[in-house]
Structure formats: C-alpha cells, structure tokens
Amino acid sequence: MTHVTARWVSKDQFRHLATEANTIAPGETEAGFTVSARQSPEGELVRAADRYTVGGVPGQVGTSTDTPVGGRDLASFTRKNRALLSQPEHYIGAWHEGDRQPKAQVDLDVSQGFPRTEAGGVEARHATLTRNERAFGEVDEKADYAGTHTNPFSTRPLGDEGGVKAAIASLSTNPAAYEAVVSGNVLSGMSTWVNGRPVAKSKRA
C-alpha cells in the first residue's frame with residue numbers, strides 16, 4: 011500500500027483563512043479558527059473538532075498583527091512553527107477580538123487540542139494554568155465554536171506570570187477553596203488540581 015504524505019495548507023487556503031479571521035459576523039464581537047497545518051488526504055482543511063483547545067504551546071513563535079491579517083502572514087507563521095505544527099494535536103490558531111483596545115488585532119498562536127472528555131478537560135485546565143493562558147476554547151463535533159473557559163488566575167493582560175504562581179500557591183494550601191473560586195468560570199465536573207497537578211476525582215459505583 012502506498013503511503014501518502016499529507017500536504018501543507020495551500021496559498022489559496024491561507025487566503026481563505028485570512029478572510030475568515032478578519033471577518034466578524036453581524037452581532038458577533040470576535041472571529042477566528044483552529045486548523046491543522048496539513049490538509050486532509052482529499053486536500054481539504056482539517057479543523058479541530060470535538061476538542062478543548064489551549065494556546066501558548068511552548069517553543070512557538072507567536073505574533074499579533076494589525077487587521078487585516080493576510081494569507082502571507084499565516085504562511086509565514088506556519089513556516090516559523092513548522093516543527094511544532096508537524097506534531098499531532100497541534101493547530102494553527104487565530105483569534106480576532108473586534109472590540110479590543112486600542113486597536114483590533116488578530117493573534118496567531120500554536121494551539122494544542124485535547125479530547126472533549128473528562129480526562130481531556132483535566133489536561134486542558136492544567137495546560138491553561140501552567141502556560142498562564144487567559145482561557146481555553148471548546149469546539150464541538152462539527153468544529154463549531156462551543157465556548158471559552160476562563161482561567162480566573164491568569165494575569166496575561168499584565169504581562170507577568172503571577173497568575174500561575176497564585177494558582178499553584180492556592181492549590182498547595184487549600185484546593186477546596188480553589189474549586190469554589192473556579193466553579194463558576196470553568197467546566198464543572200472536572201478534577202481538583204492539587205500542588206499544581208490534576209488529580210482525577212473518584213467515581214461512585
């Protein structure tokens with residue numbers, strides 16, 4: 011059987027994705043996408059589906075561009091992060107917050123996908139905490155946006171890592187209090203983090 015190597019996203023597909031990132035639908039305040047850097051065997055875009063997605067993958071070269079972002083910007087970002095984007099569950103992420111001040115921007119990021127399961131949710135929360143990301147995303151089985159889950163300890167807007175340190179400190183001393191804080195901000199039914207690491211809750215018989 012002949013092995014076919016998946017091709018990288020084409021110039022035309024990058025141009026299409028750029029339009030997608032730049033265009034905020036009426037009534038919405040943001041736009042974006044999470045796609046694989048490689049095409050399907052049929053040459054189509056492969057979007058993250060049924061996944062929690064966490065940005066800030068270590069080692070990447072991320073960027074913010076004044077809108078509109080172009081296909082060349084996406085292609086350049088992909089080339090710079092080729093090694094990371096070659097790994098399983100690593101995606102090109104773009105996020106456009108139209109009401110951001112002082113100017114709307116498109117953030118480009120290497121995002122990591124986790125299955126939309128209880129265990130995958132634990133991993134997503136832990137990655138969000140350790141990378142000091144403001145939130146992690148969720149996409150459904152059809153690759154449609156399904157929500158954003160905020161990290162209440164993140165201090166990314168301040169540009170430091172105090173959020174991570176505060177979270178780990180609170181987990182080390184009082185994980186019950188931590189759960190009370192985050193219960194209204196991130197997915198319920200997931201594991202308690204103790205000493206900065208996820209520990210799965212036992213299921214009742």
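Okay, so the sequence shown: first residue is 11 according to the numbering used here, each after it adds one. Cβ coordinates follow ideal geometry from the N, Cα and C atoms, glycine included.
Under the assumption that residue i contacts residue j (Cβ atoms under 8 Å), give the Cβ distance between them as a whole number of angstroms.
{"i": "valine 116", "j": "threonine 158", "result": "Incorrect: roughly 17 Å between the Cβ atoms, too far for contact."}
{"i": "tyrosine 101", "j": "threonine 44", "result": "5 Å"}
Bridge partners of residue i, per DSSP?
{"i": "aspartate 119", "result": "Gly103"}
{"i": "alanine 41", "result": "His106"}
{"i": "proline 125", "result": "Arg61"}
{"i": "serine 74", "result": "Asp117"}
{"i": "phenylalanine 146", "result": "His159"}
{"i": "arginine 48", "result": "Trp18"}
If I measure Cβ to Cβ from residue i and keep anything under 7 Å in the same chain, skipping five residues before and after, which residues do I get?
{"i": "arginine 61", "result": "Gly123, Phe124, Pro125, Arg126 and Val149"}
{"i": "asparagine 91", "result": "Gln70, Val71 and Val120"}
{"i": "alanine 156", "result": "Glu148, Val149 and Asp150"}
{"i": "leucine 95", "result": "Ala47, Thr88, Ile102 and Val120"}
{"i": "alanine 137", "result": "Val64 and Gln122"}
Please list, in chain order, all residues of the same chain as residue i whose beta carbon is under 6 Å from its beta carbon, the five residues on each side excluded.
{"i": "tryptophan 105", "result": "Gly42 and Asp117"}
{"i": "valine 292", "result": "A query on residue 292 cannot be resolved here, the shown segment of the chain reaching from 11 to 215 and no further."}
{"i": "isoleucine 9", "result": "The structure shown does not extend to residue 9, since the chain spans only 11 to 215, so no value can be given for it."}
By Cβ distance, which residues of its chain are closer than 8 Å to residue i, with the 5 residues on each side in sequence left out?
{"i": "aspartate 170", "result": "Here the model assigns aspartate 170 a pLDDT of 43, short of 50, so the residue's position is not dependable and the matter cannot be decided."}
{"i": "asparagine 32", "result": "Ala41, Thr77, Pro78, Val79, His106 and Val116"}
Could you check which residue in the options has the C-alpha nearest to that of residue i?
{"i": "arginine 25", "options": "Ser96, Gly81 and Ala93", "result": "Gly81"}
{"i": "alanine 153", "options": "Asn161, Ala59 and Pro36", "result": "Ala59"}
{"i": "threonine 39", "options": "Leu95, Gly108 and Ala16", "result": "Gly108"}
{"i": "alanine 16", "options": "Glu54, Gly37, Ala114 and Thr73", "result": "Glu54"}
Could you tell me whether the segment 61-78 touches the segment 114-129, where touching means 3 or more Cβ pairs closer than 8 Å?
yes
Pairs of beta-carbons, one from the segment 75-91 and one from the segment 131-142, closer than 8 Å: are there three or more?
no
Three or more C-beta pairs under 8 Å: does that hold for the segment 15-34 against the segment 43-53?
yes
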